[in-house]
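Notes to accompany the following structure.
Residue numbers (our numbering): -2 to 794.
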């Protein structure tokens, strides 16, 4: 009998909506009992999977209500755990998606129904879970606290076992004292009891998780530890309790206890190091102030951030942190946005300017009106993007998963061969020691951590530099880009026109001409009009008889003079004689794609103004650096050919595609891909969304539309084109770090397995004891985590 899925639907307004939604559900392969209820906007269907329901209903225009949650799974310790946890969650019919995150031991999942079944499925799989708070980050001081407790208990119990058994070898008087006062039998019984407590107490998790997986033919790291420590303990216990069958000299309680203790120590050190990988998210969350100063009835009150509503007026004092996203209503201040954009220079904010929560007012007081609060703020979205990117699965992980899939079974086989060989050559006791050493040294924990730890630290460092990996696998794909193609307007340029040059008739000054033109344009909202007003040294207020001429310009009386501002056709229409020198200068500007504005006063042609978009300060250096890396740099713009090529010449870009529509940008990307290889596209506008989605990697710059951000793989919080270089540098450093970790883990494991198996013993070489094997394995994981933490340093990423 198939499970019935019951879930909410949005977009239902009438009976026709119900029929269409039911038809969409009923049309799914295997669907039965498809019903949609308009009264409570719910639906039910059986015979289909939750992911298929979400996909089909999204396509039909009636999205299913998906709940997102996060749980903490303390027992997640290796890559094998990740696979089993995700499989257990996918077995729950309501689950749409499950993403297990090894570095943080959390699982983010989406479900159509209540999440009680998720907890039950995890419990049944041997991974009990508790709810995690996605809006918080674990305290670094608490990282590994439970691991430390288990390590200390195991260590206190293991110490006397180790001293009794091994201390005598280093200090003979101790051995004589034990033999004289305790005796061999009592000594062994004492070791048996203490070791049993270690295995059944602090080390119980290895057996609780490992043996069931071994029985199910899905061995993992816990299975190897459980098998190794369990074999050493069982052999030793049998030797003590049945001395007539096994020789009493074959006692290795200290090996079993030390194995568990050292691996618990490694887990604790690893957890402490992992705690530092969450620094980026912790720093982001620390940007939120706890309270805000709300304006009420002429005064102010301190209120918790959670009580701030959209539309509230908030007071911000010098040095204060902006509590939520908003718009400046009154006052002005230079605001430090470096924690979000990576740009060190404070930005002036004044009336009408948007302001972002988490930034700091360095000078002056502001009154702002809240526009976005809670999870809708930029800071909250950045935090979510960073968390998601830190849990990303890179394509390189597929290789790791394929290797680890056969690695553990291969280790079991090698351990069996080692056991049989040593038993045949030297007897049972040496065989047990060698086999246990192989099982312990080969635990693939470091392999499982190699990629996710580097990704977590690398994306966290990226967030600090204003680079957000919206889709985590872009971290690897970005490095493969042979071409970096830019949109022009708003990406390589500021996106706002400015007056770049003026040509004036004899007897006139640029300041006077700009003031007259600004007087006329002060009554217009056109972007070019605002550019002229911004360029003028002053804006006259004595302006009358304003008349806007559609598509041509404007006419008004400014300080008693009739002033005409517009194109040549407007001047001709007004019977104004053209100054040919000004016209010639204007024609040269027009050939470079600039907009030309002519000015006439009292029926005399007095000036021509060159208005064009401004190239961003860092664009030229960024383009040069990209070319120095051997990448092809291209510009794809919807602007005119002349305007695009002028900017391209300024920046040193040889490949230019101009005058294209959004769908033609996609075609241009395909041509670049065919000619050179993988393409990264950088854009900001709504018309860039198709190109951002089509590119191998899409990068949306600060201020981009929501559609552009949604389509992009990477979001650059700074509008500076140099942010593209930062993204590439982080991508390269993270991938380099991943390969270092993987190389270490694989070489370490494969090189030490023969040593543990005793291959070098016949040649006079060493053999690892189980205790040394446990120490080496634990430190291997610590090395991987520590190496990943190097990415936090400025010189590394």
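The C-beta atom is built at its ideal place from N, Cα and C for all residues, glycine as well.
Practice problem: For residue -2, collect the residues of the same chain with a Cβ closer than 7 Å to its Cβ; drop the 5 residues on either side in sequence, then sort them by chain order. | Solution: Caution is warranted here: a pLDDT of 43 is assigned to residue -2, below 50, making its placement in the model unreliable, and no coordinate value can be reported.
Quiz item: What are the boundary residues of the alpha helix (DSSP H) that residue 16 is part of?
Solution: Its alpha helix (DSSP H) spans residues 12 to 23.
Self-check item: Within 8 Å, strictly: CB atoms of residue 677 and residue 693
Solution: For residue 677 and residue 693, yes; Cβs fall inside 8 Å.
Quiz item: Any chance the CB of residue 179 is under 7 Å from a heavy atom of the ligand SAM?
Solution: This structure simply doesn't include the ligand SAM, nor any ligand for that matter.
Self-check item: Whole beta strand (DSSP E) elements within the segment 591 to 639, 3-residue minimum
Solution: Every beta strand (DSSP E) stretch that sits fully inside the segment 591 to 639 and reaches 3 residues is listed by chain position as 592 to 598, 601 to 612, 629 to 633.
Quiz prompt | Residue(s) in a DSSP beta bridge with residue 328 | solution = 363
Quiz item: Which word fits residue 410, buried or exposed, when buried means at least 16 other C-beta atoms lie within 10 angstroms of its C-beta?
Solution: exposed
Quiz item: Given a threshold of 16 other Cβ atoms within 10 Å of its Cβ, counted over all protein chains shown, does residue 744 qualify as buried or as exposed?
Solution: Exposed, by the Cβ-count rule.
Quiz item: Per DSSP, what kind of secondary structure is residue 34 in: helix, strand or coil?
Solution: In this structure, residue 34 counts as strand in the three-state DSSP scheme.
Quiz item: Distance, Cα to Cα, residue 594 vs residue 559?
Solution: 16 Å
Quiz item: Do residue 666 and residue 691 come within 8 Å of each other at the CB atom, strictly closer than that value?
Solution: In this structure, residue 691 sits near residue 666, with a CB-CB distance shorter than 8 Å.
Quiz item: Can you tell which of 232, 122, 87 has its C-alpha closest to the C-alpha of residue 105?
Solution: 87
Self-check item: Residue environment, residue 780, which counts as buried when at least 16 other CB atoms sit within 10 Å
Solution: buried
Self-check item: Beta-carbon contacts of residue 639 that lie in its chain and below 7 Å, excluding the five residues immediately before and after
Solution: Excluding residues within five positions, the ones whose Cβ falls inside 7 Å are 588, 589, 590.
Practice problem: Could you check how far apart the C-beta atoms of residue 473 and residue 739 are, in whole angstroms? I think they sit under 8 Å. | Solution: That belief does not hold up - the Cβ atoms of residue 473 and residue 739 are roughly 13 Å apart, past 8 Å.
Exercise. In angstroms with no decimal places, state the Cα-to-Cα distance between residue 464 and residue 454.
Key: 13 Å
Practice problem: Could you have a look at residue 315 and say whether DSSP puts it in helix, strand or coil? | Solution: coil
Quiz item: Ordered along the chain, which non-local residues of its own chain (more than five positions away) have a Cβ less than 7 Å from that of residue 651?
Solution: Hits under 7 Å: none found.
Quiz item: Mind pulling the beta strand (DSSP E) runs of 3 or more residues that sit fully within the segment 657 to 688?
Solution: 676 to 680
Quiz item: Would you call residue 695 buried or exposed, if buried means 16 or more other Cβ atoms sit within 10 Å of its Cβ?
Solution: buried
Quiz prompt | Distance, residue 289 Cα to residue 720 Cα | solution = Their Cα atoms are separated by approximately 32 Å.
Practice problem: Identify which residue in 26, 58, 784, 109 has its Cα closest to the Cα of residue 447. | Solution: Checked all of 26, 58, 784, 109; the closest Cα to residue 447 is 784.
Quiz prompt | Candidates 349, 584, 625, of which the one nearest residue 607 by Cα | solution = 584
Quiz item: Is residue 519 helix, strand or coil when you go by DSSP?
Solution: Residue 519 falls in the coil class under three-state DSSP.
Quiz item: Taking C-beta to C-beta, are residue 369 and residue 712 nearer than 8 Å?
Solution: No, Cβ-Cβ distance for residue 369 and residue 712 is not below 8 Å.
Exercise. Within its chain, find whatever has a CB closer than 6 Å to the CB of residue 495; leave out the 5 residues flanking it on each side and keep chain order.
Key: 528, 611
Quiz item: Contact check, residue 42 vs residue 51 under 8 Å by CB: the rounded distance?
Solution: That pair is no contact at about 12 Å.
Quiz item: Who are the near neighbours of residue 481 in its chain, counting only those whose CB is closer than 6 Å to its CB and skipping five residues on each side?
Solution: 623, 628, 630, 677
Exercise. At 3 residues or longer, and completely inside the segment 420 to 455: list those beta strand (DSSP E) runs for me, N to C.
Key: none
Quiz item: When the Cα of residue 576 is compared with those of 602, 567, 555, which residue comes out closest?
Solution: Per the Cα distances, 602.
Exercise. Can you grab the Cα-Cα spacing for the pair residue 62 / residue 734, in whole Å?
Key: 40 Å
Quiz item: What are the start and end residues of each continuous alpha helix (DSSP H) run of 4 or more residues lying completely inside the segment 184 to 252, in chain order?
Solution: 201 to 212, 218 to 238
Self-check item: Rounded C-alpha distance that separates residue 532 from residue 353
Solution: 28 Å
Quiz item: Does DSSP put residue 137 in a helix, in a strand, or in coil?
Solution: Confidence is the limiting factor: at residue 137 the pLDDT is only 49, short of 50, which leaves the residue's position unreliable, though a coordinate-based value still follows. When DSSP states are grouped into helix, strand and coil, residue 137 belongs to the helix group.
Quiz item: Is residue 294 buried or exposed, if buried means 16 or more other CB atoms sit within 10 Å of its CB?
Solution: exposed
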